[in-house]
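For the record, the sequence lines run as chains S, D, U and B. For the first sequence, my numbering gives the first residue as 1, with consecutive numbering after it. For the second sequence, my numbering gives the first residue as 1001, with consecutive numbering after it. For the third sequence, my numbering gives the first residue as 2001, with consecutive numbering after it. For the fourth sequence, my numbering gives the first residue as 3001, with consecutive numbering after it. We treat Cβ as the ideally placed atom computed from N, Cα and C, and that holds for glycine. Only a predicted model underlies this, so the values are computations on that prediction, with no experimental measurement involved. This report concerns only the one structure given below.
4 protein chains.
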Amino acid sequence: MNYQPKNPDYIPHIQDAFARQGLMQTFRAELQGISPGQVVIEQDFAEGLLQQHGGLHGGVIAALLDTACGLSAVTLLPAGQGILTIEFKTNFLSPGSAERFRFVGNVLKPGRRVTVSEGRAYAIGKTGDKLIASMTATMMTIDLKG
Amino acid sequence: MNYQPKNPDYIPHIQDAFARQGLMQTFRAELQGISPGQVVIEQDFAEGLLQQHGGLHGGVIAALLDTACGLSAVTLLPAGQGILTIEFKTNFLSPGSAERFRFVGNVLKPGRRVTVSEGRAYAIGKTGDKLIASMTATMMTIDLKG
Amino acid sequence: MNYQPKNPDYIPHIQDAFARQGLMQTFRAELQGISPGQVVIEQDFAEGLLQQHGGLHGGVIAALLDTACGLSAVTLLPAGQGILTIEFKTNFLSPGSAERFRFVGNVLKPGRRVTVSEGRAYAIGKTGDKLIASMTATMMTIDLKG
Amino acid sequence: MNYQPKNPDYIPHIQDAFARQGLMQTFRAELQGISPGQVVIEQDFAEGLLQQHGGLHGGVIAALLDTACGLSAVTLLPAGQGILTIEFKTNFLSPGSAERFRFVGNVLKPGRRVTVSEGRAYAIGKTGDKLIASMTATMMTIDLKG
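Okay, structure coming up:
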């Protein structure tokens, strides 16, 4: 899709929104890419992000996909508007075992009131990336206060 | 529902599985209740768990509901079996603003191969708990290695 | 939950909305119960509603749960407003084999802009009803044209 | 994705499975395409498939996407195996108003025990197709009886 951003300052706006997410700091997640309708986040493996079988916790995958999907929606909003996540759904496709992971959020359907984005999570490997999870996220547009 | 556990040691087994989740330690989440088909987790507010609008990050809510739902399924498994989350879906119903939160996972349908659980997240308040999110989680039974 | 309807004519309004759904006529579905925040539909078994293994098609179950959930949301709307389904998710818990089925939609969280309802599908049996599917549905409020 | 079918007779097998779905006959849906990991169905507009606002009922869209997704999984199974839908989730992206619709199911992640497929629904128009809905469907492999 070829989207046109309505907010000329959407890149610093996304950078600022990401930086203000305490959870992304706790995870030491890194914002790697911003383009109209797409946001990419990367995350290093860490003991503190695991479930009991030694894989990345499903909630960590969901949190990073949620942030990537949510911010992908924000890239297309006019200044003064933000989003709230109404719901998301994640499928876990392969075990989350790698030293580094990539989370990509793409707008599937922008809308005035509701935006739907799709996320993909990958384990980054020497011989290529492996798809480990997918998300569909539904966001509602809200007016930001002054 | 009135479920009969198949593993007589299901309570220490759940306590151990929870303790081995690095993410629950990172969050400083507390395991508060274990009964057949139900697990309850509580979580204090912390700056490091927020999204950019100052509420609990949706991914934190999903992670705690996922753990409560997954462990609720484990309470009904025979010894030697564990679960992997196939997918979950979360609806965010009210802003996650409180000093403490409760996450309850309940088995909706146990099965030999697949178990479905439902989760409820509450903001704990002085005048009562407020429902802030719901989850449906689908888990697949796996054989644990010796 | 104890909900107060805002539209004093919500019962004939729901009856009318149900009657105008061509699909409900095709299925010969029956509207069995309307109360604030809840709608109940029943459906007889029919060859024309099956999948290839002889069970009720998942899409039929989803359609009847969607109608029950959607109309449950409508029971709480003021006159002049309607809903559009943003998304729904259905879990299939047991095979849909019976002579008659019941579909119940309940509002989980009413809202000015977004309402979330939960659905339950049952196979009606001589010794009791059996839960065969669950749904979570998210609906957006719209203004109906004059 | 480039998938290799394990059942050399997968095409007549899919045709047969589609023909045995009573619901597809009720809808007069047409099987339009079968390839490894993909199934395409088309459906004409009909009064008997509508919701109360005059659009295609969400349950009809879900039923056709479910069939396309389920059969896309079947294209990759060995002979003697079938699938049961564990769960699906549908997002409704644009009103379902057109004279004809296309439903495409694609395998996202094949698996020995669980397959995940994605569906897309389109309103077919003179100036191009319009995306009206998306689905993620999770299917469990079962052994078919002799």
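Sheet register partners of residue i (DSSP bridge)
i	result
D/Ala1073	DSSP, once it has assigned bridges, lists no residue as partnering D/Ala1073.
D/Ala1123	D/Phe1101, D/Lys1130
U/Glu2042	U/Glu2030, U/Arg2102
S/Leu141	Note on residue identity: the sequence assigns Thr, not Leu, to residue 141 of chain S. In the DSSP output, where bridge partners are listed per residue, S/Thr141 has S/Ile83.
D/Thr1115	D/Met1139
S/Leu56	S/Leu50
The alpha helix (DSSP H) enclosing residue i, as first and last residue numbers
i	result
U/Leu2023	2022-2027
D/Gln1015	1010-1019
Contacts around residue i, its chain only, beta-carbon distance under 7 Å, and the 5 residues preceding and following it disregarded
i	result
U/Pro2078	Lys2006, Asn2007
D/Leu1049	Phe1027, Leu1056, His1057, Val1060
S/Asp143	Gly80, Gln81
D/Ser1171	No statement about residue 1171 of chain D is possible, as the shown extent of chain D runs from 1001 to 1146 and does not include it.
U/Tyr2122	Phe2101, Arg2102, Asp2129, Lys2130, Leu2131, Ile2132
B/Leu3023	Ala3063
S/Gly96	Gly55, Leu56, Ile61, Ala123, Ile132
D/Ala1017	Leu1071, Val1074
U/Gln2004	Pro2036
D/Lys1126	none
6 Å CB neighbourhood of residue i in its chain, flanking five on each side removed
i	result
B/Val3040	Gln3032, Gly3033, Val3104
U/Gly2119	Leu2065, Ala2068, Cys2069, Gly2105, Met2135
D/Lys1089	Thr1136
D/Asp1009	none
B/Glu3099	Phe3045
B/Gln3051	His3057
Residue i: first and last residue of the uninterrupted beta strand (DSSP E) it sits in
i	result
B/Ser3035	3030-3035
U/Lys2006	Taken as a continuous stretch (DSSP letters only), U/Lys2006 belongs to no beta strand (DSSP E), as it is neither H nor E.
U/Phe2092	2081-2092
Cβ-based neighbour list, residue i, same chain, cut-off 8 Å, excluding 5 preceding and 5 following
i	result
B/Gly3070	Ile3083, Thr3085, Gly3105, Ser3117, Ala3137, Met3139
S/Ala46	Phe27, Arg28
U/Val2114	Ile2086, Thr2138, Met2139, Met2140, Thr2141
D/Pro1012	none
U/Ile2014	Leu2031, Ile2034, Val2039, Leu2071, Val2074, Thr2075
D/Phe1092	Gly1058, Ile1061, Ile1132, Ala1133
B/Arg3112	Thr3141
U/Arg2020	none
Residue i at chain A interface by Cβ criterion, 8 Å
i	result
D/Gln1004	Although the question refers to chain A, the structure presented lacks it and instead comprises the protein chains S, D, U and B.
For the segment 1113-1129 of chain D, which residues have a beta carbon sitting closer than 9 Å to at least one beta carbon of chain B? Arg1113, Val1114, Val1116
Does the structure place the segment 1029-1044 of chain D close enough to the segment 104-111 of chain S that three or more beta carbon pairs sit under 8 Å? no
Determine, using beta-carbon pairs with one atom in the segment 2079-2097 of chain U and one in the segment 2136-2146 of chain U, whether at least three such pairs fall under 8 Å. yes
Name, going along the chain, the residues of the segment 85-98 of chain S whose beta-carbon falls closer than 7 Å to a beta-carbon of chain U. Ile86, Glu87, Lys89
Give the residues from the segment 2031-2042 of chain U that approach chain B closer than 9 Å (Cβ to any Cβ), ordered along the chain. none
Along the segment 2133-2145 of chain U, what residues have a CB closer than 7 Å to any CB found in chain S? Thr2138, Met2140
Below 8 Å between beta carbons is the criterion; list the residues of the segment 3062-3086 of chain B that meet it against any residue of chain S, in chain order. none
Chain-ordered residues of the segment 2012-2023 of chain U with a beta carbon less than 7 Å from chain B: Ala2017, Arg2020, Gln2021, Gly2022, Leu2023
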